[in-house]
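Novice: Residue numbers (our numbering): 170 to 497. Cβ coordinates follow ideal geometry from the N, Cα and C atoms, glycine included. Predicted, not measured: the structure shown is a model, and the values here were computed from it.
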Amino acid sequence: MAQNRTQDIAGAVRQGATGAVPLQGIHVPLVTPFAAGGEVAAEALEALAHEVLDAGASGIVALGTTGEAAALDEGERDLVTGVCARVCGERGAVLTVGAGASGTRAAEASLAGLARWPQAGAALVTVPSFVRPSAAGVLAHFERLAAVSPVPLIVYHVPYRTGQPLDAAALRALGSLPGVVGVKYAVGALDQDAVELLGDRPAGFQVLAGDDVHVSAMLALGASGGILASAHLATERFAELAAAWRAGDAVRARALGHALAGLSAAVFAEPNPGVVKGVLHAQGRIPAPDVRLPLLPASREAVAAALERLTALAGIPDGGVRKAEAPE
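(1) Using only the heavy atoms of the ligand MG, determine whether one of them is closer than 8 Å to the beta carbon of W414.
(2) Alpha carbon to alpha carbon, how far is P302 from D418?
(3) Measuring alpha carbon to alpha carbon, tell me which residue in N441, A481, G453 and A435 is nearest L464.
(4) State whether the segment 313-326 contacts the segment 285-296, with contact taken as three or more CB pairs (one from each stretch) at a distance under 8 Å.
(5) Are the Cβ atoms of G290 and V320 separated by less than 9 Å?
(6) Buried or exposed: which applies to R469, given that a residue is buried once 16 or more other Cβ atoms fall within 10 Å of its Cβ?
(7) Based on the DSSP output, what are the partners of V263 in its beta bridges?
(8) Could you have a look at L482 and say whether DSSP puts it in helix, strand or coil?
(9) Strictly by DSSP, which residues pair up with P198?
(10) Along the chain, which unbroken stretches of the alpha helix (DSSP H) at least 4 residues long are found entirely within the segment 435-485?
(11) Just checking my contact of A339 with A304 at CB under 8 Å: how many whole Å lie between their CB atoms?
(12) Mapping the DSSP letters down to three states, classify T295 as helix, strand or coil.
(13) If we count the other Cβ atoms within 10 Å of its Cβ and call it buried at 16 or more, is E409 buried or exposed?
(14) Find the nearest neighbour of A467 within the set T480, F437 and A389, judged by alpha-carbon distance.
(15) Look at the Cβ atom of A254, then the Cβ atom of L241, and state whether they are nearer than 9 Å.
(16) Using the Cβ count rule (16 or more neighbours within 10 Å means buried), how would you classify A281?
(17) Here's a check: name, in chain order, each residue in its chain whose Cβ is nearer than 6 Å to the Cβ of Q375, leaving out the five neighbours to either side.
(18) Are the segment 228-242 and the segment 420-432 touching by the rule of at least three beta carbon pairs closer than 8 Å?
(19) Cα separation between A434 and A358?
(20) Starting from the Cα of S227, find the closest Cα among A262, G207, R246 and A213 and give me that residue.
(21) Evaluate R406 with the Cβ neighbour count: other Cβ atoms within 10 Å of its Cβ, from every protein chain shown; 16 or more gives buried, anything less gives exposed.
(22) Am I right that K446 and P458 are in contact with their C-beta atoms under 8 Å? What's the rounded C-beta distance?
(23) Taking the alpha-carbon of H219 as reference, which of T404, P287 and E365 has the nearest alpha-carbon?
(24) Out of H310, P328, G332 and S318, which has the shortest C-alpha to C-alpha gap to A342?
(25) So what's F311 in DSSP terms, helix, strand or just coil?
(26) Would you mind sorting G244 into buried or exposed? The rule is 16 or more other CB atoms within 10 Å of its CB.
(27) Check whether the Cβ atoms of D336 and D369 sit closer than 9 Å, and answer yes or no.
(28) Can you tell me whether E212 is buried or exposed, with buried defined as 16 or more other CB within 10 angstroms of its CB?
(29) Where does A337 sit, in a helix, a strand or coil, going by DSSP?
(30) Please state if the CB of V300 and the CB of S271 are separated by a distance shorter than 9 Å.
(31) Assign L377 to buried or exposed, taking buried as 16 or more other Cβ atoms, counted over all protein chains shown, within 10 Å of its Cβ.
(32) My assumption, with CB atoms under 8 Å, is that L222 sits in contact with R260. Please give the rounded CB distance.
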């Protein structure tokens, strides 16, 4: 039954159908846990995937920035994708895989590799970094990729990493391309372009919050969900937040949103995913807090501050919406 649901979800996303909720809700961009010897801790990764799905996540993201994809070799990237694909196949959950490159030809090759993973429902593709093309060049880049990709594309718009700003009009043009089904919107603020985009989206185009601190405000304005590193640590509460905004329970959503913003600020007090990994290790969920250079492990103070925020979340009564939002 789960396998059939996975095929249904992947098929719906591949056809560009967004009414079936394939991208709605909270998606967790999984860290890549490392063992004490430095190798990928595949069992810990699998356990994390099950844990966040058990807690109400709609899907997981493999090989995102939080997963340190740039620090993994090809074999490790295949291992991570394989583990996540297997879990999503078992659970009937949405799998998004980070792919792409700054050059269009290299990005095409990266996307072609996703054909090996039938469980993949979408690819998260970053706007080309460093080269700084025009908005028309970015549009042509994604038009080419969408034409050849085996899965639909979610544009990862993160200008403070790429150096490539795009306004609402450019994002609407991207969202109008066949095969582009959404955007992870992470500009570091709730800006006018976000307001304009959410107020006038192309049909079937979904906006996913990518800045954890601003997810509640983005959901209030109509975002479909979020891709949130902080949701490793309070998955149930983030899922509850998304459900509360969808249900129109603004009082509940505001209370959760303020508390979760505090957690997210603590998580991103040092370069991601250092604090997330530090907390996961303190909780006994991964074997080591290690990240790979050029990143450094989080300080004890930062991990302690995030743990304190988690403890404070326990004081907010459970709204009881998690089970309703869990994948069927």
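Specialist: On the basis of the coordinates in this document:
(1) Looking at this structure, you won't find the ligand MG or any other ligand, since it has none at all.
(2) As a position in the sequence shown, residue 302 is number 133, starting the count at 1. As a position in the sequence shown, residue 418 is number 249, starting the count at 1. Distance between the alpha carbons of P302 and D418 is about 42 Å.
(3) Residue numbering aside, residue 464 sits at position 295 when the sequence shown is read from its first letter. Selected option, being the one with the closest Cα: N441.
(4) Short answer: they touch.
(5) The sequence position of residue 290 within the sequence shown is 121, counting from 1. The sequence position of residue 320 within the sequence shown is 151, counting from 1. Cβ distance < 9 Å, so G290 and V320 count as in contact.
(6) The residue labelled residue 469 in the question sits at position 300 within the sequence shown. Burial call: exposed.
(7) For this step, residue 263 is matched to residue 94 along the sequence shown. When DSSP reads this structure, V263 sits in a beta bridge with G228.
(8) Against the sequence shown, residue 482 aligns to sequence position 313. L482 falls in the helix class under three-state DSSP.
(9) By 1-based counting over the sequence shown, the position of residue 198 is 29. DSSP, once it has assigned bridges, lists V230 as partnering P198.
(10) Those alpha helix (DSSP H) runs which fall completely within the segment 435-485 and span 4+ residues are 443-451 and 469-482.
(11) Indexing the sequence shown from 1 puts residue 339 at position 170. Indexing the sequence shown from 1 puts residue 304 at position 135. Beta-carbon to beta-carbon, A339 and A304 are separated by about 4 Å, close enough to satisfy the 8 Å threshold.
(12) In the sequence shown, the residue the question calls residue 295 occupies position 126. Strand.
(13) Walking along the sequence shown from the start, residue 409 turns up at place 240. Under this definition E409 is a buried residue.
(14) As a working mapping, residue 467 is identified with position 298 in the sequence shown. Cα-wise, what sits closest to A467 is F437.
(15) Residue numbering aside, residue 254 sits at position 85 when the sequence shown is read from its first letter. Residue numbering aside, residue 241 sits at position 72 when the sequence shown is read from its first letter. No, they are not a contact pair.
(16) For the purposes of this step, residue 281 is taken as the residue at position 112 of the sequence shown. A281 is classed as exposed because its beta carbon has fewer than 16 other beta carbons within 10 Å across all chains shown.
(17) If you number the sequence shown from 1, residue 375 lands on position 206. Apart from the 5 residues on each side of it in sequence, Q375 sits with its Cβ closer than 6 Å to the Cβ of T187, L192, G351 and S393 in its chain, given in chain order.
(18) The segment 228-242, when compared against the segment 420-432, does not touch it at the 8 Å Cβ threshold.
(19) Along the sequence shown, one-based indexing puts residue 434 at 265. Along the sequence shown, one-based indexing puts residue 358 at 189. In a straight line, the C-alpha of A434 is about 13 Å away from that of A358.
(20) As a first step, residue 227 must be located in the sequence shown, where it is residue number 58. When only C-alpha atoms are compared, the closest one is A262.
(21) Within the sequence shown, numbered from 1, the residue matching residue 406 stands at position 237. Flag for R406 reads buried.
(22) Residue 446 sits at position 277 when you count from the first residue of the sequence shown. Residue 458 sits at position 289 when you count from the first residue of the sequence shown. Distance from K446 to P458 at the Cβ level is roughly 5 Å; contact confirmed, criterion being Cβ atoms closer than 8 Å.
(23) For the purposes of this step, residue 219 is taken as residue 50 along the sequence shown, with counting starting at 1. It is T404.
(24) Translated into the one-based positions of the sequence shown, residue 342 becomes position 173. Ranking the options by Cα distance to A342, first place goes to H310.
(25) In the sequence shown, the residue the question calls residue 311 occupies position 142. The answer is helix: DSSP assigns F311 an H, G or I state.
(26) Against the sequence shown, residue 244 aligns to sequence position 75. The residue in question, G244, is exposed, as its Cβ has fewer than 16 Cβ neighbours within 10 Å.
(27) The sequence position of residue 336 within the sequence shown is 167, counting from 1. The sequence position of residue 369 within the sequence shown is 200, counting from 1. The answer is no: Cβ separation not under 9 Å.
(28) Sequence index remark: in the sequence shown, residue 212 carries index 43 (1-based). Classified as exposed, E212 has fewer than 16 neighbouring CB atoms from the shown chains inside 10 Å of its CB.
(29) Indexing the sequence shown from 1 puts residue 337 at position 168. Secondary structure at A337: helix, using DSSP grouped into helix, strand and coil.
(30) Along the sequence shown, one-based indexing puts residue 271 at 102. Along the sequence shown, one-based indexing puts residue 300 at 131. Contact: yes.
(31) Indexing the sequence shown from 1 puts residue 377 at position 208. Buried, because 16 or more other Cβ atoms sit within 10 Å of the Cβ of L377.
(32) The residue given as residue 222 occupies position 53 in the sequence shown. The residue given as residue 260 occupies position 91 in the sequence shown. In this structure, L222 and R260 form a Cβ contact; the two beta carbons are roughly 5 Å apart against a cut-off of 8 Å.
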